[in-house]
Structure formats: C-alpha cells, structure tokens
Amino acid sequence: MRSRLFTPGPTQIPEAVRLAAGAMFPYHRGPAFKEIFQELQANLQYFFQTQQEVVLLTASGTGGMEACVCNLFNPGDKVIVIEGGKFGERWAELGRAYGLSVISAMPTWGDALDLEVFEGVVKATNGLTGVFCTHSETSTGGFTDVKRLAEIVHAHSEALVVVDGITSVGVLPFYFDAWGIDACVSGSQKGAMAPPGLAFVALSQRAWQKHKHSTQPRYYFDFTAAHKAAQEQGTAWTPAIATVVSLAESLRRMRANGLEFYWQHYARLASAMRAGIQALGLEIFPQVPSNALTAVKVPNGINGKAFTELLRSKYGITVAGGQGQLKGKIFRVTHMGDYDHLDMIGLMAAIEMALAELGWPVEWGRGLAAMQRAFNEQLDNAV
Numbered sequence: 011m012r013s014r015l016f017t018p019g020p021t022q023i024p025e026a027v028r029l030a031a032g033a034m035f036p037y038h039r040g041p042a043f044k045e046i047f048q049e050l051q052a053n054l055q056y057f058f059q060t061q062q063e064v065v066l067l068t069a070s071g072t073g074g075m076e077a078c079v080c081n082l083f084n085p086g087d088k089v090i091v092i093e094g095g096k097f098g099e100r101w102a103e104l105g106r107a108y109g110l111s112v113i114s115a116m117p118t119w120g121d122a123l124d125l126e127v128f129e130g131v132v133k134a135t136n137g138l139t140g141v142f143c144t145h146s147e148t149s150t151g152g153f154t155d156v157k158r159l160a161e162i163v164h165a166h167s168e169a170l171v172v173v174d175g176i177t178s179v180g181v182l183p184f185y186f187d188a189w190g191i192d193a194c195v196s197g198s199q200k201g202a203m204a205p206p207g208l209a210f211v212a213l214s215q216r217a218w219q220k221h222k223h224s225t226q227p228r229y230y231f232d233f234t235a236a237h238k239a240a241q242e243q244g245t246a247w248t249p250a251i252a253t254v255v256s257l258a259e260s261l262r263r264m265r266a267n268g269l270e271f272y273w274q275h276y277a278r279l280a281s282a283m284r285a286g287i288q289a290l291g292l293e294i295f296p297q298v299p300s301n302a303l304t305a306v307k308v309p310n311g312i313n314g315k316a317f318t319e320l321l322r323s324k325y326g327i328t329v330a331g332g333q334g335q336l337k338g339k340i341f342r343v344t345h346m347g348d349y350d351h352l353d354m355i356g357l358m359a360a361i362e363m364a365l366a367e368l369g370w371p372v373e374w375g376r377g378l379a380a381m382q383r384a385f386n387e388q389l390d391n392a393v
C-alpha cells in the first residue's frame, strides 16, 4: 500500500525537488555552491516579496524564531505576543527565555484576533518595542490579518512587527515590503516544498538597525555573521547542503510558475476540502481558516487518535492530530505542498470510510460530491 502524507509540514514535495539533492553535492565554499546561493538569495527575496536581504539558517522554523528574538531585542524590552495557538505561545516562551517583558494577547484557540481590542492594547502600551504574531497558525488552522495588524502597530508605535510565516509564505498572499513587516520567518518544509532543515528570515532596514543595538548572547544564530557570509555568496557555518540544493530547485520552479499560481491553487484546494467536510456534517475548527490547512473538529463519539491511526494503518494516509489543548479534539490536513484536486478527493474518500468504520453516520459520497461540485465549478471558471 502506498503511503500518502497530508500533514501540514513536512509536506509532499515534487519529484524534481527530491531528485535535485542527489544530482549534485557541491563543496559549500566552492564556486558551484556560490552560484546556487546567489540564485537562491534572489528567489528567497521573490518568495517573501522583498528587496531586503533574507538570512538563511540551517535550523528548523523554531530556530528562525529564536534568531529573531536574540538578534532584534534586549532583556527588558516590552513586546506584545499574539498567542491563540501552540506556535503563538512559542513566541511568548522564546521572549521570556531571553528576558523580554512579554504582554500576551491571548485569543481563545481557534478564535480570530479582535483587531479593535488589539489596537487598544497597542495604544495603551508605552515603550512598545515589538509585536510578534503568527500569520497562519498551524496548530489551529487559523489565519491572522498581518497586513492590518502591521498598519495598526506602525500607526501607534515604533515597534518592530515580527511574523511567523512558516505556513503562510508561498501559500497565502504575503508582501513583506508593501505591508511594512520588519522580520518574517519561514522554513523549507512548508510552502517552499523542500525537505526540512532550513529556516529563512527576511529583515527590514529597521530590523537591521535594531540588530546593531541588541546585546543578547548569540553565536550560531548571529545575523551579522550570516550577513557577512552572504556577501561572499555563502553561509557562516556548514549548511544542510542537500537541502539547500533542493530548496534552490523548488524556488526556481515556483518563480517560473509565479506565486499567484500557488496562492490561487491552495485557495481552491482549501475551499473544496471545506465544502466536503461541512457536507459530511463536520465542523471547521477556526473562526477564520488559513488556506494552508484545514483543521476539523473530531465529531462526538469518535476517538480522535483512533481516527488518525485508522487512516494511517488501513489507508496509508497520514494526517495530523491536535496539539496541546487540542490533542484528540481536532484533525488537520494540509493543502500546501505538491497536491492537486485528485489528491484531495482521495483523501476525502478515506475520511468518509474511516469515519464510517468508527461509527459515524456517513452518507456515502456526500463529502465527495460536495468536493467534486466545488472543483468542477472552479475548473469551469478557470476556462
């Protein structure tokens, strides 16, 4: 039985990207790597829609998040963190670990951020130096309007806007420069459709100025070291070379197709999946869902762990369960990655069969029919 991966990271990657790593393995101080790095830097700028430098780190997305905290802030700096999910909470944990004064804005997991309330918090916070938020919260499937958030922050303060874009950049419309973002983290294993192992951080000129005055201890994650190495078309330390080569191939393909192609494609997959889920009588978990993934409430009477395990063991399909306080309460399926409408239809068929086996009253084909209608309308409109 073929195994199929539908988790919101790592995601399924194109065959050409998988093969790229084995096609060459250049010395990271040699001319071949420098050529790859130079092209990759330009394509990372395109990926973030920025003219600014993008720092490349061999690390997980969390490493990129930590790098933002230890390079851009000082102990005692007053920052607001938008929580509302496991990865929003991670910003708060990192801030406290480095001695920042963290003010938590904590919407209930799955609820949308109330921007009017947020604006009031920003106005009331004297000496605010940073706002941390998550564009697409992987743990809940929720979406935050970071464009509007950045407008609010810049209207009332000089604070840096720092964004976790790990499951949004390359997946959702995102314009680093035009939206006034100061730092944004993404990773290789999500919208970039490459293997795990690399984090990338886009930085504004304001962020670079703040970095010059940051006194936090750092070494491996030092942005100055990364910047100096990038001037020589390289990295400060030995990178994950095979992943760099794979990422270069993936971003080359994405640039050739255009980001808008991917934004629209993922929106279509997400819309059809939600139509199918709701036709089955299931509930979407977040108030405002991200097109990167769909988070679904496990129906009453169904064991969430048993459901995801049945999908894996009987149908070869791996989806993600809930994290933290949502463990056993939701399941999550990705739309980002190398998937098309037939992949989603196959996933829906397996969801119907697994739910039926566990005792949920499934009307056979109801979810599938809703998905098929949605896709058919999309394809007709695209002609």
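Per the working numbering, the sequence shown runs over residues 11 to 393. For every residue, glycine included, the Cβ atom is placed at its ideal position computed from N, Cα and C.
Query raised in the report: Where do the N-terminal and C-terminal ends of the beta strand (DSSP E) with Lys-307 fall, by residue?
Result: 303-307
Requested in this report: Consult DSSP for Gln-147 and reduce its assignment to one of helix, strand or coil.
Outcome: Sequence inspection shows Glu at residue 147; the Gln mentioned does not correspond to that position. It is a strand residue.
Query raised in the report: Considering Val-329, what are the terminal residues of the alpha helix (DSSP H) in which it resides?
Result: Per DSSP, Val-329 belongs to no alpha helix (DSSP H) and is neither H nor E.
Query raised in the report: Comparing the CB of Ala-359 with every heavy atom of the ligand HEM, is any distance shorter than 6 Å?
Result: This structure lacks the ligand HEM, and indeed carries no ligand of any kind.
Requested in this report: Please report the residue range of the alpha helix (DSSP H) in which Gly-95 lies.
Outcome: It is not in any alpha helix (DSSP H) - Gly-95 carries neither H nor E in the DSSP assignment.
Query raised in the report: Can the beta-carbon of Met-346 be found less than 7 Å from the beta-carbon of Val-195?
Result: no
Requested in this report: In the DSSP assignment, find the beta strand (DSSP E) that holds Val-66 and state where it starts and stops.
Outcome: Reading off the sequence, residue 66 comes out as Leu, not Val. Its beta strand (DSSP E) spans residues 64-68.
Query raised in the report: Taking just the CA atoms, how far does Ile-162 sit from Ala-169?
Result: If I take the Cα positions, the gap works out to 11 Å.
**Report entry** Helix, strand or coil at Gly-137 [DSSP, three-state]
**Finding:** coil
Query raised in the report: From the DSSP output, which residues share a beta bridge with Leu-15?
Result: Thr-328
Report task. Grab the span of the alpha helix (DSSP H) containing Arg-342 for me, first residue to last. Result -> Element bounds for Arg-342: not the alpha helix (DSSP H) but the beta strand (DSSP E), 340-344.
Query raised in the report: Can you name, in chain order, every residue of its own chain whose Cβ lies under 7 Å from the Cβ of Phe-35, other than the five neighbours on each side?
Result: Ile-251, Ala-252
**Report entry** Which residues DSSP lists as bridging Ser-111, in chain order
**Finding:** Lys-88
Report task. Answer yes if the segment 142-156 comes into contact with the segment 295-312, meaning at least three C-beta pairs across the two stretches below 8 Å, and no otherwise. Result -> yes
Query raised in the report: Should the segment 132-145 be regarded as contacting the segment 164-179, the criterion being three or more beta carbon pairs within less than 8 Å?
Result: yes
Query - alpha helix (DSSP H) segments (min. 4 residues) lying fully within the segment 233-299 - result: As far as the segment 233-299 is concerned, its whole alpha helix (DSSP H) runs of at least 4 residues are 233-240, 251-267, 269-289.
Query raised in the report: Three-state secondary structure (DSSP) at Val-393?
Result: Note that Val-393 has pLDDT 43, beneath the 50 cutoff, so the model's placement of it is unreliable and no number is given.
Query raised in the report: If Asn-90 and Val-131 are in contact, beta carbons under 8 Å, what's the gap, nearest whole angstrom?
Result: The sequence given here has Ile at residue 90, not Asn. Contact holds; Cβ gap of about 6 Å.
Query raised in the report: Which residues does DSSP pair with Val-171 in a beta bridge?
Result: Per DSSP, Val-141.
Query - Segment contact flag, the segment 374-386 with the segment 355-363, C-beta cutoff 8 Å, min 3 pairs - result: yes
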